[in-house]
Amino acid sequence: MIRYFIPLFVLVHCAFAADRTAAWKKVAEAEANGLPKTAMELLEPIVEGALADKAYAEAVKAITKKIRHHTEIQGGKAEEKIGNLQAEIEDAPDEVKPILQTILAHWYWHFFQQNRWRFMQRTQTGEAAGNDIMSWDLARILAEIDKHFSTALAAGENLQKMSIADYTELLT
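Mapped onto our numbering, the consecutive letters of the sequence shown carry residue numbers 59 to 230.
Spelled out as structure tokens, the structure:
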């Protein structure tokens, strides 16, 4: 009985992976044709399937692409992209959170680099600036970047279980 179950499981798993490969091709086609909404819609089943199959690297790639396309549709504001990723992190499985936290820290860092002159001209406020990234001072943006990198590194046990080879597409 078990000798039939294992090949069946492998066959089903390969079929789902093949479906996602075809879906990725459709996403690339939509991107090439300048159709971010279509690409975003095509990415949703990829995210769900990858999470169900515990293909976390693929899920992270799909989540970040989906957020980028959503942001592009909404006007391309970096602060919106950051907010969308924060919302995704809250709902993400624990295995994915450290990677998403790292990406979020990088997106904050990139936002800081693009707006460095604004942050350098601001004085530090005595009260908390809230969640509006456009009103933050230098200390707040740097603290937020540090917080997200530290949060990602605090999940050291999860990170050590991950294979870096799975994330090569994100690293290049």
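All C-beta atoms, glycine included, are put in the ideal place defined by N, C-alpha and C.
Contact belief for residue i with residue j at Cβ below 8 Å, rounded distance in angstroms
i: Leu100; j: Val85; result: 5 Å
i: Ile140; j: Leu158; result: In fact, because the Cβ distance is near 12 Å, the residues do not count as touching under 8 Å.
i: Ala97; j: Glu89; result: 5 Å
Residue i - DSSP class collapsed to helix/strand/coil
i: Thr129; result: helix
i: Leu109; result: helix
i: Ser221; result: coil
i: Ala150; result: coil
i: Ala97; result: helix
i: Trp82; result: helix
i: Asn189; result: coil
Residue i versus the options, residue with shortest Cα-Cα distance
i: Ala210; options: Ala150, Ala163, Glu87; result: Ala163
i: Trp175; options: Pro151, Glu202, Thr122, Trp194; result: Trp194
i: Thr129; options: Ala150, Ala113, Ile157, Lys95; result: Lys95
i: Ile222; options: Ala115, Trp82, Glu89, Glu102; result: Ala115
i: Ala213; options: Tyr225, Gly107, Thr160, Leu229; result: Thr160
i: Thr183; options: Leu196, Asn173, Lys124, Lys155; result: Leu196
i: Asp204; options: Asp190, Phe170, Lys123, Thr181; result: Phe170
i: Leu200; options: Leu143, Gly92, His168, His127; result: His168
i: Asn189; options: Arg78, Thr181, Gln179, Tyr166; result: Tyr166
i: Pro156; options: Met220, Gln179, Asn91; result: Met220
Nonlocal neighbours in the same chain, by C-beta distance under 6 Å from residue i, ignoring five residues either side
i: Phe207; result: Ala163
i: Lys123; result: Leu101
i: Ile121; result: Val105, Glu146
i: Asp224; result: Ala115
Same chain, Cβ closer than 7 Å to residue i, neighbours up to 5 away in sequence not counted
i: Glu153; result: Tyr114, Asn216
i: Glu138; result: Thr129, Gln132
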